[in-house]
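Enquirer:
2 protein chains.
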Amino acid sequence: MIQESEIAVKFHPSGRTVFVLVGTKLYEAAAAAGLVLEQPCGGQGLCGKCRAIVRHGAAPPTPSEHRFFSAEELAAGWRLACQTQLLQPSEVEVPGESLVGHAHKILTQASPQAVAGDDPPVRKLLVEMAPPRRGSDEPDVVRLTSALDAQSDVYVPLGLMRELPARLRQASFCGTAVLAGERLLDFQPGDTTASCYAVATDVGTTTLVSALVDTVTGEERAVAAQLNPQARYGDDVLSRIVFARDNPRGLAELQQCVVAAIDQLIGQLCAEAGVRRDEIFQLTFSGNTTMQHLLCAIDPQYLAVVPFVPVLGPGVELAAAELGFDVHPQARAYLMPVIGGFVGGDTVAGILATGLADAQQPTLLVDIGTNGEIVVCAGGKLWAASTAAGPAFEGARISRGMRGSIGAIEKVVYDGQLRINVIGNVRPKGLCGSGLIDAAAELLRHGLLAPSGKLLSGTQLPAHLPPDLVRRVVEQDGQPAFMLASEEETADGQPILLTQQDIRQLQLATGAIRAGVTLLLHRAGLQPSQLQAVLLAGGFGNFIRRSNAQRIGLLPPQIERRRIRYQGNTSLAGARLAAMSLQARQVAEQIARQVEHVDLSTDPAFHSTFAASMIFPESCES
Amino acid sequence: MIQESEIAVKFHPSGRTVFVLVGTKLYEAAAAAGLVLEQPCGGQGLCGKCRAIVRHGAAPPTPSEHRFFSAEELAAGWRLACQTQLLQPSEVEVPGESLVGHAHKILTQASPQAVAGDDPPVRKLLVEMAPPRRGSDEPDVVRLTSALDAQSDVYVPLGLMRELPARLRQASFCGTAVLAGERLLDFQPGDTTASCYAVATDVGTTTLVSALVDTVTGEERAVAAQLNPQARYGDDVLSRIVFARDNPRGLAELQQCVVAAIDQLIGQLCAEAGVRRDEIFQLTFSGNTTMQHLLCAIDPQYLAVVPFVPVLGPGVELAAAELGFDVHPQARAYLMPVIGGFVGGDTVAGILATGLADAQQPTLLVDIGTNGEIVVCAGGKLWAASTAAGPAFEGARISRGMRGSIGAIEKVVYDGQLRINVIGNVRPKGLCGSGLIDAAAELLRHGLLAPSGKLLSGTQLPAHLPPDLVRRVVEQDGQPAFMLASEEETADGQPILLTQQDIRQLQLATGAIRAGVTLLLHRAGLQPSQLQAVLLAGGFGNFIRRSNAQRIGLLPPQIERRRIRYQGNTSLAGARLAAMSLQARQVAEQIARQVEHVDLSTDPAFHSTFAASMIFPESCES
């Protein structure tokens with residue numbers, strides 16, 4: 192085992208740092224940091240849209256970069272993200288106009304002059320009032336609301352009304368009003384308009400990711416993730432729905448534990464950014480239908496029976512306190528709209544963040560998670576389906592599986608020797624989804640794994656196999672297994688084996704996604720080869736090696752690799768947009784109404800397609 | 192002492208029964224039942240507007256009634272309320288168009304075709320949906336809201352969203368949606384549209400009065416009253432403001448006790464009408480500024496210091512549960528708008544219910560309570576002021592004072608003998624405000640009480656005084672007192688005396704109202720004699736003998752008695768209108784903005800006018 196090392200790349204203005212392998216393209220590093228860059232040419236260096244300033248650590252400019260930039264610009268660090276290889280620790284500045292999903296692009300549909308931050312759902316206004324005196328004895332509420340110069344009546348919630356007289360006088364009638372639409376959330380002494388915080392959260396079945404954003408500057412101040420503790424009640428959505436249905440306190444338990452976990456993430460974000468909890472005025476959430484129901488403690492049981500009916504439809508705005516969050520007492524919460532069935536707010540967020548609805552050519556969006564979401568856009572129409580991949584890609588149900596965190600084998604390459612990359616450059620503790628895909632692809636390539644999914648044992652192995660691979664084929668519980676790391680190499684002194692059971696789990700997960708893609712393309716009347724782009728989303732999708740994903744059939748092998756593009760965590764990105772812009776929310780609502788929800792289970796071809804999709808492709812290197 | 196007896200008069204459709212003395216005019220009996228009849232001619236039998244059907248018990252028709260009704264109509268019971276004397280227990284039907292403040296009149300300003308009940312703030316709609324099936328898998332929320340055919344997005348609160356899936360299925364997708372504006376309050380199985388309940392409450396400083404109304408039929412189903420338990424923290428508004436300010440839990444205690452008391456009234460109303468608490472979807476409240484602040488637990492301390500600034504301005508809609516009421520969990524609460532300073536929602540309600548803003552001639556509205564509210568309308572303008580009468584009219588601070596409930600001496604007449612009327616025809620327990628005024632007026636007339644307010648003792652009494660009066664002049668604690676009932680006549684074996692202290696309290700209360708009227712008329716540029724009408728409001732105002740109120744100077748002596756008209760509890764009537772009609776609320780908001788609030792305390796003439804007003808008029812029988 193040879194471990195490869197990573198370099199740190201820090202992005203501005205978001206401030207996020209990611210670790211990538213030496214030689215990674217800037218475009219991929221940016222995607223890992225949640226920044227998806229414009230790339231209409233498919234990363235060919237032809238359009239010049241994916242501009243960024245690289246401070247240091249990049250390989251010399253390519254000929255296409257010389258075409259797009261003057262010598263002065265190159266000297267200033269201007270580069271094309273699709274061309275630039277990162278060789279050493281770098282700092283990178285990404286201008287807003289290079290970002291896909293940047294409001295500048297998404298929102299132009301609704302209003303050409305709109306730019307993110309012009310219409311945040313929560314806004315702050317500096318207000319100066321004349322203090323009361325003889326002849327100016329208006330009620331406090333009238334004094335404040337008339338100073339706001341609002342177009343319609345401002346609503347002051349009771350909780351704030353109770354504090355208003357003291358607040359106004361402490362501030363000597365000069366301070367900052369915080370408004371969500373026409374609802375007054377707070378009146379703060381002094382001028383606090385320079386920042387306004389929101390937390391956007393991707394509520395995944397397995398993983399929760401929250402980002403603290405300043406909606407005034409657009410800056411992402413901190414990001415934090417942890418496992419969804421609901422997993423202890425069942426690792427997929429169906430088992431949680433059943434738990435909620437069959438246990439008297441089940442729904443409440445599921446809700447409370449996920450709220451507590453996100454609330455803990457909020458605490459981490461606040462600590463990291465030096466922000467107080469009561470400075471957070473907005474929470475936005477994006478999750479699949481089940482996750483959004485459970486977050487609200489809304490019984491999702493009718494999602495589990497034909498015809499799979501959710502309760503939630505359009506986006507929901509409510510009080511953050513109603514859900515149990517400890518942020519500003521008047522803070523608002525927004526949940527992305529649900530498309531239908533299991534296709535929920537995370538899919539809407541993905542379509543919003545990638546600008547998929549505007550795609551001019553047939554495009555596929557795949558968000559690979561415990562619930563896989565698949566969207567096809569063609570001819571101005573959108574189809575979406577959900578497919579139960581299970582949590583294998585997130586490390587669950589795999590014997591030595593783990594999430595993509597420190598100690599996870601996240602990359603496996605055979606180039607004469609077996610090389611692995613471990614997150615954090617430590618001794619490996621387990622295997623995450625991308626490493627699992629890599630390993631299976633390499634075993635398929637070298638004949639240690641049959642397309643049927645059978646791991647071959649000693650006598651069945653092909654001839655001329657390199658000894659380094661042969662010696663790794665071991666036996667566990669009477670079945671063949673492949674040793675990725677020996678007991679001497681691991682953190683816990685136990686070898687990390689890829690077992691026959693692990694391969695079966697991978698087949699189920701891969702088959703579910705692949706069958707979903709096949710059926711949805713069929714519904715859209717498309718052949719895989721007609722797809723001009725495949726957008727890979729999900730916290731996990733970013734870390735997949737495209738060729739390996741194609742080798743095991745997770746992605747259509749017929750697509751040129753350059754057309755497969757990483758989009759980062761689009762669920763989180765969409766939730767962040769919903770915190771930044773009311774128009775983004777309106778676009779999201781429109782998307783939810785516009786997309787045709789396809790219930791794959793009603794497709795007569797579902798079972799046969801799923802069975803066929805479980806078989807790995809014979810060979811498909813492109 | 193001779194007690195007079197009362198007869199029961201039951202009104203339809205309200206169903207309310209009141210007890211009045213034999214010979215009472217139907218108009219006054221109706222006012223006691225909260226029904227204020229049209230009387231543009233001032234009760235002269237000239238306009239024919241105050242029509243009603245009297246079932247039995249009335250004196251024969253007067254000549255003016257013969258002019259207005261045919262023989263058939265008279266045979267059917269049609270009468271004029273201003274002409275008809277009630278001699279025996281009666282049942283009376285009052286058509287809506289005879290009522291002042293009937294929405295038909297009030298609302299025509301805003302929209303000629305509007306009639307009460309056309310635009311209730313809470314409405315019910317019978318909804319039938321197709322149940323979910325393959326091909327019809329919309330989310331529950333979408334299925335319901337699209338069936339509502341709403342003009343804008345329907346908002347489903349989280350609490351209801353959680354119950355929605357079960358509710359829809361229990362009802363087999365056919366039931367009644369309850370809506371407040373675009374907010375869904377409930378979905379009930381079956382058709383419940385035949386009734387929809389609201390409770391309107393007059394939150395008085397001393398007395399709370401609640402009425403259960405059916406906003407579909409307009410019927411008043413029950414009325415209940417009790418003392419405001421906040422009185423134990425102080426019997427006027429200022430002492431309560433100080434208590435709330437100076438005690439850490441003071442505001443919370445004041446709020447909780449008044450909410451508990453009103454909630455208990457709601458329980459009584461429900462029991463009486465056979466209505467469940469969760470059938471009540473609306474609460475409306477009308478009170479003076481302080482009462483409305485305390486009901487909401489909003490600190491009113493800046494009301495007590497110059498320039499007397501309230502927190503509340505426009506009407507407030509909020510969740511009834513937020514205030515702590517046990518009605519339907521999604522029920523809404525509405526508080527009438529505040530005009531300014533101490534002039535609050537009860538005054539707005541009074542102007543709304545009496546139609547005062549439309550008065551064509553100079554008109555005075557006086558709501559006599561612990562806080563007296565005075566409104567003048569002239570030349571299309573409205574001025575309003577509040578004056579601290581104190582609770583003497585409601586029986587507090589009077590040695591044997593009590594509220595106008597069973598056992599109270601409510602009427603005192605001297606016609607050769609001293610006659611008293613006791614509410615409920617029982618032995619007297621004490622003296623209520625109307626009895627206090629009567630007694631003081633009779634003592635003034637017969638010279639037992641000097642205009643200065645001094646009760647005369649034996650040697651100072653005028654000559655030729657009837658022996659029945661002379662023997663009642665007794666001495667208590669070295670000061671003269673007047674015995675209304677001897678120890679043999681009372682319920683508790685203690686005599687009921689009118690003391691010198693009681694007279695001083697009456698002078699303070701009367702002087703406050705009288706000074707307020709004088710100053711407000713001055714502000715409006717009017718002489719008392721220019722007033723074409725004086726509208727007497729307040730639960731108490733109904734029971735005042737006009738001539739006696741004029742004798743003690745509580746009402747301007749210069750006004751012809753027929754121009755003084757009883758309006759009933761206009762605060763409650765306004766709150767009831769706000770429960771019936773959104774347009775009534777809009778008119779209320781408009782009134783609150785339109786009325787000029789006059790801060791009497793800033794008037795340089797305030798102190799001298801108040802001092803002068805404490806002296807009883809020398810003589811003024813009209």
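Same order as they appear, the protein sequences are chains A and B. Numbering-wise (our numbering), the first sequence opens with residue 192 and increments by one. Numbering-wise (our numbering), the second sequence opens with residue 192 and increments by one. All residues carry an ideal CB built from backbone N, CA and C; glycine is no exception.
1. With 8 angstroms as the threshold, decide whether the Cβ of residue 320/A is near any Cβ in chain B.
2. Determine the DSSP secondary structure at residue 397/B, reduced to helix, strand or coil.
3. Can you pull the chain B residues whose beta carbon is under 7 angstroms from the beta carbon of residue 488/A, in chain order?
4. Output, in sequence order along the chain, the residues in the region 492 to 513 of chain A whose CB is closer than 9 angstroms to any CB in chain B.
5. Using a 10 Å radius around the Cβ and a threshold of 16 neighbouring Cβ atoms, would you call residue 246/A buried or exposed?
6. Just grab the DSSP bridge partners of residue 599/B for me.
7. Tell me, please, whether the CB atom of residue 710/B is closer than 8 angstroms to any CB atom in chain A?
8. Considering only heavy atoms of the ligand FMN, does any lie closer than 7 angstroms to the CB of residue 256/B?
9. Please list, in chain order, all residues of the same chain as residue 417/A whose beta carbon is under 8 angstroms from its beta carbon, the five residues on each side excluded.
10. Give the residues of chain A in contact with residue 324/B, contact being defined as C-beta atoms less than 7 angstroms apart.
11. Any C-beta of chain A sitting closer than 8 angstroms to the C-beta of residue 793/B?
12. Identify every residue that forms a DSSP beta bridge with residue 327/A.
13. Hey, is the region 704 to 724 of chain B in contact with the region 558 to 573 of chain B, meaning 3+ C-beta pairs nearer than 8 angstroms?
14. Considering only DSSP beta bridges, list what residue 759/A is partnered with.
15. Using three-state DSSP, classify residue 448/A as helix, strand or coil.
16. For residue 558/B, is the classification buried or exposed, using 16 other Cβ atoms within 10 angstroms of its Cβ as the cut-off for buried?
17. Residue 687/B: which of 674/B, 694/B, 698/B and 699/B sits nearest, CA to CA?
18. Quick one, which residues of the region 523 to 535 of chain B are near chain A if we go by CB-CB under 9 angstroms, in chain order?
19. Enumerate in chain order the residues of its own chain whose CB-to-CB distance from residue 580/B is below 6 angstroms, with the five nearest sequence positions on each side excluded.
20. Kindly confirm or deny that the region 678 to 685 of chain A and the region 614 to 633 of chain A touch, where touching means at least three C-beta pairs closer than 8 angstroms.
21. Given that a residue counts as buried once 16 or more other Cβ atoms are within 10 Å of its Cβ, and exposed if not, what is residue 796/B?
22. Any beta carbon from chain A within less than 8 angstroms of residue 331/B's own beta carbon?
23. Provide the residue span of the beta strand (DSSP E) that contains residue 365/A, from first to last.
24. Measure the alpha-carbon distance for residue 226/A versus residue 733/A and round it to whole angstroms.
25. Using CA atoms only, rank isn't needed, just tell me which of 357/B, 207/B and 539/B is closest to residue 322/B.
26. If you measure between the beta carbons of residue 174/B and residue 519/B, is that distance less than 8 angstroms?
27. Which residue's Cα is closest to the Cα of residue 513/B: 236/B, 487/B, 228/B and 496/B?
28. Could you tell me whether the region 793 to 809 of chain A touches the region 238 to 256 of chain B, using the rule of 3 or more Cβ pairs below 8 angstroms?
29. Give the residues of chain A in contact with residue 454/B, contact being defined as C-beta atoms less than 8 angstroms apart.
30. Just how far apart, CA to CA, sit residue 258/B and residue 411/B?
31. How long is the line joining the alpha carbons of residue 293/B and residue 420/A, rounded to whole angstroms?
32. Who are the near neighbours of residue 632/B in its chain, counting only those whose CB is closer than 6 angstroms to its CB and skipping five residues on each side?
33. With a CB to CB cut of under 6 angstroms and the five nearest residues on each side skipped, what residues in its chain are close to residue 413/B?
34. Relative to chain B, which residues along the region 764 to 795 of chain A have a C-beta separation below 9 angstroms, given in chain order?
35. If we require 4 or more residues per run, which alpha helix (DSSP H) segments fall completely within the region 210 to 287 of chain B?
36. Between residue 356/B and chain A, is any beta-carbon pair separated by less than 8 angstroms?
Expert: Concretely, from the data shown:
1. Not an interface residue.
2. Annotated three-state conformation of residue 397/B is coil, per DSSP.
3. Within chain B, the residues near residue 488/A are 353.
4. Within the region 492 to 513 of chain A, the qualifying residues are 492, 493, 497, 498, 499, 500, 501, 502, 503, 504, 505, 507, 508, 509, 510 and 513.
5. Exposed, since its Cβ has fewer than 16 Cβ neighbours within 10 Å.
6. DSSP output for residue 599/B lists 621/B as bridge partner(s).
7. At a cut-off of 8 angstroms between beta-carbon atoms, residue 710/B makes no contact with chain A.
8. Ligands are entirely absent from the displayed structure, and the ligand FMN is therefore not among its contents.
9. Contacts found: 398, 399, 452, 455 and 456.
10. Ordered by position in chain A, the residues that pass the 7 angstroms Cβ test against residue 324/B are 498.
11. It does; some Cβ of chain A falls within 8 angstroms.
12. The partner list for residue 327/A (beta bridge, DSSP) reads 324/A.
13. Remark: three or more beta-carbon pairs, one from each stretch, lie closer than 8 angstroms, so the region 704 to 724 of chain B and the region 558 to 573 of chain B are flagged as touching.
14. Note: residue 759/A sits in a beta bridge opposite 728/A.
15. It is helical.
16. Classification for residue 558/B: buried.
17. When C-alpha distances from residue 687/B are compared across 674/B, 694/B, 698/B and 699/B, the shortest belongs to 674/B.
18. Under the 9 angstroms Cβ criterion, the region 523 to 535 of chain B contributes 529, 531 and 532.
19. Around residue 580/B: 563, 700, 703 and 704.
20. Judged by pairs of C-beta atoms under 8 angstroms, the region 678 to 685 of chain A touches the region 614 to 633 of chain A, as three or more such pairs exist.
21. Residue 796/B should be labelled exposed.
22. Under the Cβ distance rule, residue 331/B counts among the residues neighbouring chain A, one pair being separated by less than 8 angstroms.
23. From DSSP, the beta strand (DSSP E) with residue 365/A extends over 365 to 371.
24. If you draw a straight line from the Cα of residue 226/A to the Cα of residue 733/A, it is about 11 angstroms long.
25. For residue 322/B, the closest alpha carbon among the candidates 357/B, 207/B and 539/B is that of 357/B.
26. The question about residue 174/B has no answer here: the residues shown for chain B are numbered 192 through 813.
27. Considering only alpha carbons, the answer is 487/B.
28. Cβ pair count under 8 angstroms is below three, so no.
29. Chain order gives no chain A residues near residue 454/B, where near means a beta carbon separation below 8 angstroms; the closest approach is about 17 angstroms.
30. Taking the straight line from one Cα to the other gives about 33 angstroms.
31. Note that residue 293/B scores 45 on pLDDT, short of 50, meaning its location in the model is unreliable and no value can be drawn from it.
32. Cβ within range, chain order: 739, 742 and 743.
33. Excluding five sequence positions before and after residue 413/B, the CB atoms of its chain that fall closer than 6 angstroms to its own CB belong to 403, 460, 463 and 464, given in chain order.
34. Against chain B - using a Cβ distance shorter than 9 angstroms - the residues of the region 764 to 795 of chain A are 788, 790 and 793.
35. Taking 4 residues as the shortest admissible run, the region 210 to 287 of chain B contains the following complete alpha helix (DSSP H) segments, listed from N- to C-terminal end: 217 to 223, 254 to 259 and 262 to 266.
36. Chain A contact via Cβ: present.
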